[in-house]
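Residue numbering for the sequence shown follows full-length UniProt numbering, beginning at 1 and increasing consecutively. Below is one structure, written out as C-alpha cells; comments come after it.
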Amino acid sequence: MPVPSLEDVPGLVAHHVRASLTRRDHERVGPFVAAFDPASTNPWRNYAVPDDGAQPTPADVAALIALFEARGLVPRLEYVPMAAPAVETALTTAGFTVEGRPPVMVSWPGSLPAPECPTGTTVRTVTSDAEFLAAATVQNEAYKASNPPTPSDVGRLRSCVDRGGFVGLATQTVTGSAVGSGLLDVPIDGIGELAAVGVLEAFRCRGIATALSLHLATTAHAQGLRLVWLEAAPEEENLYRRAGFVPAASKLWISRP
C-alpha cells in the first residue's frame with residue numbers, strides 16, 4: 001500500500017479510530033459508535049466517535065448521553081473534528097465541554113531516526129505475561145492510576161500482541177527494573193496508533209519516552225506499516241517533534257461532566 005500524504009491523514013485517522021472501536025464491545029447510536037471496556041470505568045477506555053460527515057440531531061445526542069449514563073459512565077468522545085465538523089456544535093449545545101485538542105502526529109517508513117537507548121537503559125518489545133505485568137504496572141504508576149494492574153490489564157496487552165500490535169518495555173540495564181512502557185495498537189489497513197507511552201517520574205527527562213516511541217514506531221514500519229500516528233498531550237508535542245514525528249491534524253476530546 002502507498003505511503004499516505006499529510007492531506008490524507010485526517011480521514012485515515014478518523015477511519016482508524018472508528019474501526020478500532022468496532023473491534024471492541026460497542027454499540028451504535030444514530031451517527032455515533034460508542035465502545036466500552038467492561039473491566040474499567042476509565043474514560044480513556046470508554047468513549048464514542050461520530051461517523052464521517054455526521055450531523056447529529058438533539059435526539060441522537062440525548063440517546064448517546066443516556067447510553068453512557070445507563071452504564072454509570074461520563075459521556076465522552078474522542079474524534080478527528082475535520083472529518084465531522086458539525087458534531088462539536090451539537091455536543092456543546094447539549095452541555096459537553098472541550099477537554100483538549102491534541103495534535104495528531106505521524107511517521108512513515110524511513111522518516112524517523114534510528115532509535116538510541118539512553119545510557120543505562122534497555123528498550124525492547126515484550127511477549128511474556130511477566131513482561132506485560134511489568135508494562136502495565138509502569139503505565140499505571142506513570143499515569144497515576146488509583147488501582148494496581150489487574151489480570152484484565154495484562155490480558156489486554158497480551159491481546160494487543162496476539163492480534164499484531166507491539167508492547168515496548170524500558171528497563172534499567174543493570175537491575176532489570178521496569179521504568180517505562182508503551183504500545184503500538186493493533187494495525188488496521190497498514191496503520192497503527194502509538195499510545196500509552198509512560199515513564200516513571202524518577203526516570204523522566206532522560207530520553208526514555210523518545211527511545212520507546214522510536215523503537216515501537218520503527219518496529220512497526222519494519223513490519224510493513226505505512227503510517228504510525230499518535231495524539232500528543234500539550235507537554236509531549238515537542239518530545240515527539242524531536243523524535244521525528246510530524247503534526248498532520250488534530251483530535252478533539254470532549255465530555256459532558
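Think of the CB as a built atom: it goes at the ideal place given N, C-alpha and C, for glycine as much as any other residue.
Worksheet item: In the structure shown, what three-state DSSP assignment does Met105 receive?
Response: Strand, per DSSP.
Discussion item. Nearest by alpha-carbon distance to Pro148: which of Ile191, Thr171, Ala209, Ala136 is it?
Written reply: If we check each option's Cα against that of Pro148, Ala136 comes out closest.
Worksheet item: What separation, rounded to the nearest whole angstrom, lies between the Cα atoms of Arg250 and Leu214?
Response: The residue asked about is misnamed: residue 250 is Ser in this sequence, not Arg. Across the structure, Ser250 and Leu214 are spaced so that their CA atoms are roughly 21 angstroms apart.
Practice prompt. Assuming Ser181 and Ala170 form a contact by the criterion Cβ under 8 angstroms, report the distance between their Cβ atoms to the nearest whole angstrom.
Written response: With 8 angstroms as the limit, Ser181 and Ala170 qualify as a contact, their Cβ atoms being about 7 angstroms apart.
Worksheet item: Over what stretch of residues does the alpha helix (DSSP H) that includes Phe96 continue unbroken?
Response: Boundaries cannot be given for Phe96, as no alpha helix (DSSP H) includes it and DSSP labels it neither H nor E.
Item to complete: For Glu235, count neighbouring C-beta atoms within 10 Å of its own C-beta (all shown protein chains included) and say buried if the count is 16 or more, exposed if not.
Response: Glu235 is exposed by the Cβ-count criterion.
Practice prompt. Spatial neighbours of Gly165 within its chain, please: CB distance less than 8 angstroms, with the 5 preceding and 5 following residues excluded, ordered by chain position.
Written response: Excluding five sequence positions before and after Gly165, the CB atoms of its chain that fall closer than 8 angstroms to its own CB belong to Leu183, Leu184, Asp185, Val186, Pro187, Gly192, given in chain order.
Item to complete: Please go through the same chain and pick out, in chain order, the residues whose beta-carbon is closer than 6 angstroms to the beta-carbon of His16, but skip the five residues on each side of it.
Response: Annotation for His16: Ile188, Ile191 place their beta carbon closer than 6 angstroms to its own, counting only its chain and skipping 5 residues before and after.
Worksheet item: Helix, strand or coil: how does DSSP classify Asp37 here?
Response: Annotated three-state conformation of Asp37 is coil, per DSSP.
Discussion item. Along the chain, where does the beta strand (DSSP E) containing Pro149 start, and where does it finish?
Written reply: It is not in any beta strand (DSSP E) - Pro149 carries neither H nor E in the DSSP assignment.
Worksheet item: For Asn238, is the classification buried or exposed, using 16 other Cβ atoms within 10 angstroms of its Cβ as the cut-off for buried?
Response: Burial is judged here by how many other beta carbons sit within 10 angstroms of a residue's own beta carbon; Asn238 has fewer than 16 and is exposed.
Practice prompt. Assign Val3 to buried or exposed, taking buried as 16 or more other Cβ atoms, counted over all protein chains shown, within 10 Å of its Cβ.
Written response: By the 10 Å Cβ count, Val3 comes out exposed.
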